[in-house]
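Residue numbers (the working numbering), protein chains in the order written: chain Z, 1 to 595; chain G, 1 to 595. Glycine residues also receive a C-beta, built at the ideal position from the N, C-alpha and C atoms. Every value quoted in this text rests on a predicted model; they were computed, and no experiment measured them. Let me begin by presenting the structure, written as structure tokens, before commenting on it.
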């Protein structure tokens, strides 16, 4: 059984007592009315929608899948109605520009809401999240006319959005795309080519779809610097703004995938389709990338949502399933067996899923607060600081949280034993659904390269330096607090390792780019371990601060989970340091043909 | 694309140069004619069958699945013919008793063959492996009459076998089973009850099926000591030995599973079915358990086979897929991009899959050699030594190799990127198929408990002591060999950690059984890391020994993979030691209701 109740208490605790929402967000210009209480009230309403409407469609959507008939995609039963509720409730415009119909709330509220969408129905979430992202992109890079014509429709969710990047021979390597665009003479363009793996590329949830398509103009330079961005609407907007004539974009097939069955992954053929250039020619990648931080956090959130529902489902099962006896002797002697939660190894699985998920949530909320700060804070220095943090940790939240989501789902599956392998139970679906998040929006390997090659080097290493200073500052500030020793001690050790490894890497990598690439994945994991340790230490501090008063049960659970993290997860940092400093040699020795 | 060629060269190398097959196996009484050359010739024939007949049915079998109609299960198209070839070729009786129609070859040959079955079609393998196991069990525990009636049919594969253990409320905790058996008056019994998760419980591959069923007699003591074992044939054998009247066992449903779609997982209702008691009353668990070592090695082999096909498929793709450029500059400047195998992170994924899979193969072959020695060696001391080693490492091969199989499949999926998530590519199937092997035949959590609670304690710690002495002896013997320093050094460090952790655990565990359980999973992983390191070090020694002469390409690949293992996998041992010695505290602090 998929069990899910939105973790509102935890969200409130993290926002309020770890991230200081009232001073960090609610004081930003324009957000004065988005008090914590107001925010939590809205999120409670969102929770009812996700638990009551989206969750019941999660497993049925997986079973039924999407169907392509005559170029039209039929989404699973119930998806239209559920999506309609998202639109009618204005949920897709939660943090949208009020000038275009949005509610104008902070980005961090989208993050909290998005996690609930992902937990209760990640397939349905993909339609919403792409629409949300496409709207943001057009509000940032579209012309005034494009904003008027398309952005409002996306902010309301009346029309849906997509991102069309990948081609059969060009995935990670977008420089190789072959889709071309030609001026049509009327100021518009015609786009011709085939895109694959277009999430939500065709469906019946909305009356039109706004495709954002990467293509090359005739005079384009080679590689990624020659890519332009186009709007290709499914229907050309008519004079009244509504959808008129059908555009020449055809869904040729939908993929049969490991999971995410309710989300249509399409091959789209653009057959001289009417298109509108967004921004200047050849700046398409840059436009896409300004949205990348937010989109990559969204994908990280998919991992967090999946981790949460997986954890809750397994915890509920473990409290009820009777099997065997505790090694310490019968704990429920009047029952034929003890509930399996008495077993240390079951607890290990549950606590690991929980520690990773809750740390991920704290990270996503933190980065989202910093996104809000980067956009609105009156002090430029503070904005830059926030921007640095978001840039540095975006690959971490994307890769680590999606890895962790799949791990949590597999741990949950294991708690269910043989029953977890059966589709009816609904847990194996979570492992299948979550697997794609490790791949799309830049594979986790690409995230790791982004971290070691780009983010470490930006502004002469300012990003990691600021981060290390912050974490080390925290350790110094609380280093003599005996109550916090169990948390600050391991954190201080881990951040020392990370700094040392970073220096080793900077030195080696300067002379040899392969060294950076060889270290990337382990380095990102080490970075995530330290980041999560920092957030768990801050959580412990908030719990132990006499000036703060989380509910006693939440306080105890947080402290126990933080201790679990420090003693049973963080030790992996040692191994990653050893692996990284072994260097590229062991990876590069074997000639390609010997594989 | 699923790509698979049976790794005959590696099997030959491991058998010959690492395990000394000619002296360890081919000198055992009865195996004199099973020379290495003869063995490899037979395995080459098996390889043709697996590559040519089973492999093409792997993905189609997953897509089509099994269908239940009117109580009969239809296996996917082609399965009947393929299974027929296994029977006609005598493959199921490869190591079967010649008195009952078997070929009388060593068990280690079954292991090598079974890996090919698992790699090319693990769904089809389940029918074969259960038949193989059921035949072995009856030859060991059945009466003369039972052997005559059933064992020959199983050795030939003419009839298939099953194991019926799990019930809806009793999985790991078999003491709770409710299926009952009553004397029928004619020496036979009647069995009544419902079994679930019966792999290969009903199908159309054979004219009859021999179910081995755990049930309780009316006077049975409570718990596992009250379980008896029964033969329940699908058809009662007629006077001529062929299948006659249909027995009262009905397939009520088949499961819809995450994977393993070609293998029918059945709910069987026994409705007063004719049954024959095997062995003495109440000794059913003991009879099952004498087969457990062999069966658990078989499940470990599923992980190895899946790891191998996953690795090969991903390696083939990585050599061909063009995407991006090497960080060291273009390696294929005349192509639009380099093959992705130039990327260190792709190599990391491939080498990790390969290092884990090849180590698993060496382990499974080693334990199988020792199974042969334990059964046939003239010296009782040597037999006991072999038996100790098999008992100790069986939970390790089962748990570690099934974990590694799923990890390898996921690494391979990642190498394929978005294409890996598409069913047509065939790689995600491997991750789904492999997942059950971590659960059935005793979950990997149960394997870990078996290791820490039972195997460490047996004969006052003789099993681990012998193992550590052996590994440390190897380190001493080769400690001054400069060529081997890269391998022996890390191994010596790791085995020191393992011994130290074992002592810590023995001390803590003596006073507190929860401490053992809290450490179990990490301890098993640590044990596996050391075992694999030992096998890689022995492999390196064989490669560097001037008296031995593996083909140069194999030699270089083995040494490179061994180096990868030592520098990029083995460091995890440090983390496991830290986690274990953190003790049970962090797992047990949270009350059950707080999860």
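Of the other Cβ atoms in all chains shown, 16 or more fall within 10 Å of the Cβ of residue 58 of chain G; this residue is therefore buried. Assignment of beta-bridge partners to residue 270 of chain G by DSSP yields G/193, G/249.
In summary, the residues of the region 170 to 182 of chain Z whose CB is separated from some CB of chain G by less than 7 Å are 171, 172, 173, 176, in the order they occur in the chain.
Contact between residue 345 of chain G and residue 238 of chain Z is absent: CB atoms are separated by about 49 Å, not below the 8 Å threshold. Residues of the same chain with a CB within less than 8 Å of the CB of residue 361 of chain Z, apart from the 5 flanking positions on each side, are 7, 10, 11, 14, 115, 304, 308 in chain order.
The DSSP-derived three-state label of residue 210 of chain Z is strand. 8 Å or more divides the Cβ of residue 414 of chain G from the Cβ of residue 405 of chain G. Taking residue 18 of chain Z as reference, the option from Z/553, Z/176, Z/540, Z/219 with the minimal CA-CA separation is Z/540. Per the Cβ contact rule, the region 467 to 475 of chain Z is in contact with the region 521 to 537 of chain Z (3 or more Cβ pairs under 8 Å).
Annotated three-state conformation of residue 553 of chain G is helix, per DSSP.
Per DSSP, residue 541 of chain G lies in no beta strand (DSSP E) segment; the continuous alpha helix (DSSP H) that holds it begins and ends at 513 to 544. In the three-state scheme derived from DSSP, where H, G and I count as helix and E and B as strand, residue 489 of chain Z is classed as helix. Distance from the CA atom of residue 124 of chain G to the CA atom of residue 271 of chain G, rounded to whole angstroms, is 28 Å. Straight through space, the alpha carbons of residue 365 of chain G and residue 296 of chain G are spaced by roughly 13 Å. Under the 8 Å criterion on CB atoms, residue 211 of chain Z is classed as non-interfacial with respect to chain G. By DSSP's assignment, residue 230 of chain Z forms a beta bridge with Z/213, Z/277. Here residue 86 of chain G is near residue 128 of chain G, since their CB atoms are less than 8 Å apart. One Cα belongs to residue 256 of chain G, the other to residue 507 of chain G, and the distance between them is close to 45 Å.
Only 343, 344, 345, 347, 348, 350, 351 from the region 343 to 357 of chain Z bring a Cβ to less than 7 Å from some Cβ of chain G. The shortest CA-to-CA distance from residue 77 of chain Z to any of Z/70, Z/65, Z/71, Z/88 is the one to Z/65.
Under the three-state reduction of DSSP output, residue 118 of chain Z falls in the helix class. For residue 594 of chain Z, a Cβ of chain G is located within less than 8 Å of the residue's own Cβ. Residues are counted here when their Cβ sits less than 9 Å from a Cβ of chain Z; for the region 502 to 514 of chain G these are 512, 513, 514, given in chain order.
Excluding its 5 nearest sequence neighbours in each direction, residue 122 of chain Z has C-beta neighbours in its own chain below 6 Å: 302, 433, listed in chain order.
Between the region 229 to 237 of chain Z and the region 33 to 47 of chain G, the count of C-beta pairs closer than 8 Å stays below three; the two stretches do not touch. Per the Cβ contact rule, the region 199 to 212 of chain Z is in contact with the region 126 to 144 of chain Z (3 or more Cβ pairs under 8 Å).
Membership of residue 237 of chain Z in any alpha helix (DSSP H) is not indicated; the residue belongs instead to the beta strand (DSSP E) covering 235 to 237.
Between the beta-carbon of residue 299 of chain Z and that of residue 440 of chain Z there is about 7 Å, and that keeps the pair under the 8 Å contact cut. Taking CB atoms only, residue 396 of chain G has no neighbour in chain Z less than 8 Å away.
Taking the Cα positions, residue 70 of chain Z is about 14 Å away from residue 267 of chain Z. Per DSSP, the continuous beta strand (DSSP E) segment holding residue 67 of chain G begins and ends at 67 to 69. Residue 578 of chain Z belongs to the set of residues whose beta carbon lies under 8 Å from a beta carbon in chain G. Chain G has a Cβ within less than 8 Å of the Cβ of residue 256 of chain Z.
Not flagged as an interface residue toward chain Z: residue 320 of chain G, since no C-beta distance is shorter than 8 Å.
Residue 167 of chain Z counts as buried, since at least 16 other C-beta atoms from the protein chains shown sit within 10 angstroms of its C-beta. Near chain G, meaning a CB-to-CB distance below 9 Å, no residue of the region 40 to 57 of chain Z qualifies.
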